[in-house]
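Worksheet: one structure, shown below.
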Amino acid sequence: MKSWIKAGTAAAIVLATGAGMVWAQSSGSPSSSPSSSPFSGWFGRGDGNGNSPVDLDFQVTGGDDALLPAIRQTSLLVSAQDEGRVTGQDMLAAARGDYARILGVLYDQGYYSGIIDITLDGVEAAGIAPLDAPQVVRRVVVSVQPGPRFRYSRAEIAPVAPGTELPRDYRRGEIARTGDMKNAATAGVAGWRDVGHAKAEVAETEIVADHASNLVDSRIRLAPGPELRFGQLTIRGHQRMDPRRLRKIAGFPEGERFDPEKLEDVRKRLRRSGVFSAITLTEADGIGPGNTLDVDLLVTEQKLRRLGAGFEYSNTDGLSLTGYWINRNLFRGGERLRVDASVSDIGGDTGRDYSLGLRIDRPATITADTTGYVLAKVESLQEEDYDLKSGTFGLGFTWIPSDELTADIALQYRALRVDDDSGRTDFRLFALPTSVIWDKRDEPTDAKRGYWLSGGVTPFVGLQDETGSGAQVLAEGRVYYSFGTDDRFTLAGRARLGTVVGPEIQETPRDYLFWSGGGGTVRGHSYESLGVEVIPDDSGGTVRTGGMSIVTLTAETRIQVRERIGLALFADAGRVWEDSGWSGASGWQAGAGAGIRYRTPVGPLRFDIAAPVGGGDGDDGGVQVYIGLGQAF
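Be aware that the sequence shown starts at 1, since it is given in the UniProt record's numbering, and climbs by one per residue.
Shown next as C-alpha cells:
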C-alpha cells in the first residue's frame, strides 16, 4: 500500500493510511504532541468534578456549539479529575495526552488550523519534562482556537463495488471531517467484501489540506483483489463437543462465494446453541488454491450445567417461584436438556399451582437454522372456579433464519381433567401449535425502541365426544418509542387478540379459553377475575369459565430518573366474549397504576401498584401489588 503526503500552505499535513483509518498530526507547533495519535480516546468520560481541588477551565474561541462538549468528552484531564487522579504527575500526563486528543477532535470536525494551549498554573504543559512535573497543580486552562473550517474540494474513492453506500457527507463542498474519510474507506472495503472480494483493502491515499483556500483534497484508491470462495473450516478448542456435530451446527458454507454475513451467521448459530462462551472466526492471511479462503474457528465451551430461579409476587395471587436446571451438551452433540419447575399462588386466595416440564433441544436438525425438540409437561392448577390437571407430550421444530424472525411448529398429545361446578370433564386431543415471532426490539429485557409482533394458530382435534375440534388463534403486538436526553422517557404499548373457532365452549379445553385480570392482562384486578358464564352446572346455574375471545390493551410511560432507578405509569383494559370471533355477550375491566423499576444486570426489578378503574364484577376492588423481574412487557 502506498501513502502520498502533500502539504499545503502553512504545512498542515493530513495522512490517511491502513484500511480506511485516518489519523493526523500537526507540525511545528509547541502545542502539539507528535508522539501520540490524535484519535486515541475518541470516546471520553463525563464532565468535570466540582469537588476536585484542581480548577479545570476549557476556553474555546470560535467554532460551533458542538466543539466544546466534544473536547470535554475526549479529554484525559476531565477523566483524571472525575476519577480523583489530581496529583501534579497525573495532571501533566493527562495534559500532554490531551494535545493529540483535542487535535483529533478538531480534525474530525473539519478544523485543520487549530491552536491548542494547555497550561498548568500558567506554564505550558508541552514544555514541562515528565521528570519535572509539579507536585501540586491548582489551575489548568485548556485554550483552543479552532480556526476556519475546511471543506472538500475533492472527495474521491475508487473503484467502488456495485451497491456500496458511501457516507453522504463524503463529497465535494461538505465539511472535511476525518471521520467521514475513515468511514468512506471502511465502506468501500466492506462493499467489495460483500460481493466476495475478501482481501479488498485501501491501496493508496492522497489527502491534502490547503490552508490558503481552507480546502481538503481527498483521494482514496481501493484494491479489490480477486473474488474468493469459502475454503476449509479448521476447528479448535472443543472439549466435550463432537466435532462433526459442531460443523453441522456451524453450517459453514464451504465452496460458496465469500460473504461476511455468512460468517456472522456461523457465529450466531454457535452462540445460539448455548454450548460456547467464546467464538472466534479468523480468515486466513493468504489465498488458497482456486481462489479459496480458509477460516479458523476457535471455541471455548461453557460450563456444562446451569441452575437458575425467578420469582413474582401479587398480594392477591401470592408468591410464584420458578426454577430451572440446564445441561448444555447432553449427548456431546449440543443437545440441551432443560428442566423447569414452578410453584405459584403461595399464600394466595386459591390453592397452590404446580408445574414440571422437561425439554430437549437438538440444534442443526434438518438444517443449520432448525432446532428439533421433544417436550413433556405436567401441571396442576387450583383456581377459584375450577381445578385442572394436565399432561402434554410433544415433538417440534424451531426455525430461526435471522435475529428477528423465529417460527415454531409442534405436534402435541394433550390430556386434561377439569373439575368445576358442572362436574368432571376429561379432554383428550392432538394439537398442532404454530407460531411466528418478529422481534425488532433494541433490548429484550428493557426495550427502548422497536416493536415485537407475534402470531399463532393452534389447530386441535378431539379424540373423544367431550372434546371438540377447532383452532385457537392468537396475535400480539408491542411497540416502544423513547425520547429525551439519553432516551429518558419511553412510551410502550401492547395489544393482544385471541379467539377460539370451531367447538362449543363446553367442548373446548379449558386452558385454550381466555381470562382477563392480573399480571399479563389487566393489572388492578384479581387474577382471572373476568370470564364468562355459559356452561350449566348441576344446580341449574352456570359455571364461570374463560371466554372464547379476548382483547387486551396496555399503555405505559417509563421514566428513567436515575442511572438505576425508574418510574412507570400504566393503564390496562380487557374485554372477554362468550363466542368466537369477538361476538356474543361480553364483559370488560380496566385498571391503572404506577411502579418503580430498579435496573439490575439481568433486567429491571419491577414493583407495581394498581387498582381497578372500571368494569369487573363489583367485588374485584382493592389495591393490587406486583413484584417481578423484567418489564411488564
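Where is the CB? At the ideal position from N, CA and C, for every residue including glycine.
Item                                                                                                                                                                     : Value
Can you tell me whether Asp178 is buried or exposed, with buried defined as 16 or more other CB within 10 angstroms of its CB?                                           : For the sequence presented, residue 178 should be read as Thr rather than Asp. It is buried - the Cβ of Thr178 has at least 16 other Cβ atoms within 10 Å.
Mapping DSSP to helix, strand and coil, what is Ala93?                                                                                                                   : helix
Curious, which full-length beta strand (DSSP E) runs of at least 3 residues does the stretch 308 to 337 contain?                                                         : 318 to 327
Where Gly114 and Leu76 are concerned, what is the direct C-alpha to C-alpha distance, given to the nearest angstrom?                                                     : 19 Å
Provide the residue(s) that pair with Gly456 in DSSP beta bridges, ordered along the chain.                                                                              : Ser435, Leu474
Thinking just about the alpha-carbon of each residue, which of Ser143, Pro159, Ser218, Arg193 is nearest to the one in Arg151?                                           : Ser218
Can you tell me whether DSSP reads Ser273 as helix, strand or coil?                                                                                                      : helix
Three or more C-beta pairs under 8 Å: does that hold for the stretch 491 to 500 against the stretch 552 to 559?                                                          : yes
Evaluate Ala94 with the Cβ neighbour count: other Cβ atoms within 10 Å of its Cβ, from every protein chain shown; 16 or more gives buried, anything less gives exposed.  : buried
Where do the N-terminal and C-terminal ends of the alpha helix (DSSP H) with Pro69 fall, by residue?                                                                     : 67 to 74
Out of Val461, Leu120, Glu476, Arg171, which has the shortest C-alpha to C-alpha gap to Ser454?                                                                          : Glu476
Helix, strand or coil for Val192, going by three-state DSSP, please let me know.                                                                                         : Checking the sequence, you will find Trp at residue 192 rather than Val. Three-state DSSP puts Trp192 in a helix.
Determine the closest residue to Tyr356 out of Gly423, Ala376, Ala176, with distance taken between C-alpha atoms.                                                        : Note that residue 356 is Leu in the sequence shown here, rather than Tyr. Closest option to Leu356, Cα to Cα, is Ala376.
Is the Cβ-Cβ distance between Val343 and Ile326 less than 9 Å?                                                                                                           : no
Is Val78 close to chain D, meaning its C-beta is less than 9 Å from at least one C-beta of that chain?                                                                   : Protein chain content of the structure displayed is limited to a single chain, and chain D is not contained in it.
By Cβ distance, which residues of its chain are closer than 6 Å to Asp169, with the 5 residues on each side in sequence left out?                                        : Asp180
Alpha carbon to alpha carbon, how far is Phe252 from Pro243?                                                                                                             : 13 Å
Which residues bound the beta strand (DSSP E) around Lys303?                                                                                                             : Element bounds for Lys303: n/a, residue is neither H nor E.
Would you identify the three-state DSSP class for Ser402, choosing helix, strand or coil?                                                                                : coil
Can you give the beta carbon distance from Glu383 to Tyr354, rounded, assuming they're within the 8 Å contact cut?                                                       : Glu383 to Tyr354, Cβ: 13 Å. No contact.
For Ile175, report the span of its beta strand (DSSP E) as first-last.                                                                                                   : Unbroken run through Ile175: none, as it is neither H nor E.
Look at the alpha carbon of Gly191 and the alpha carbon of Arg414, and state the distance between them as a whole number of angstroms.                                   : 52 Å
Could you name the residues that DSSP lists as bridge partners for Phe252?                                                                                               : Answer by DSSP bridge pairing: none, since Phe252 is not bridged.
By DSSP, does Gly110 sit in helix, in strand, or in coil?                                                                                                                : coil
What distance in whole Å lies between the Cβ atoms of Arg96 and Ala125, which are believed to be in contact at a cut-off of 8 Å?                                         : 6 Å
State the Cα-Cα distance for the pair Leu103 and Phe489, rounded to the nearest angstrom.                                                                                : 35 Å
Which residues in the same chain as Leu491 place their Cβ atom closer than 7 Å to its Cβ, once the five residues preceding and following it in sequence are excluded?    : Tyr481, Thr557
For a test of the three-state rule: what should DSSP assign to Thr425, helix, strand or coil?                                                                            : strand
Please report the Cβ distance between Ile550 and Ser516, rounded to the nearest whole angstrom; I am assuming they are in contact, meaning their Cβ atoms lie under 8 Å. : 6 Å
In chain order, which continuous runs of the beta strand (DSSP E) of length 3 or greater are located wholly inside the stretch 514 to 590?                               : 532 to 536, 542 to 545, 549 to 560, 565 to 579
Tell me the rounded alpha-carbon separation between Thr467 and Arg599.                                                                                                   : 46 Å
Are Lys199 and Leu228 closer than 9 Å when you measure CB to CB?                                                                                                         : yes
Compare the beta carbon distance of Ala223 and Ala250 with 9 Å and say whether it is the shorter of the two.                                                             : no
I think Pro260 touches Arg193, with their Cβ atoms under 8 Å apart; what is that distance to the nearest whole Å?                                                        : 5 Å
Buried or exposed: which applies to Val602, given that a residue is buried once 16 or more other Cβ atoms fall within 10 Å of its Cβ?                                    : exposed
According to DSSP, simplified to helix, strand and coil, what is Gly354?                                                                                                 : According to the sequence as given, residue 354 is Tyr; it is not Gly. In this structure, Tyr354 counts as strand in the three-state DSSP scheme.
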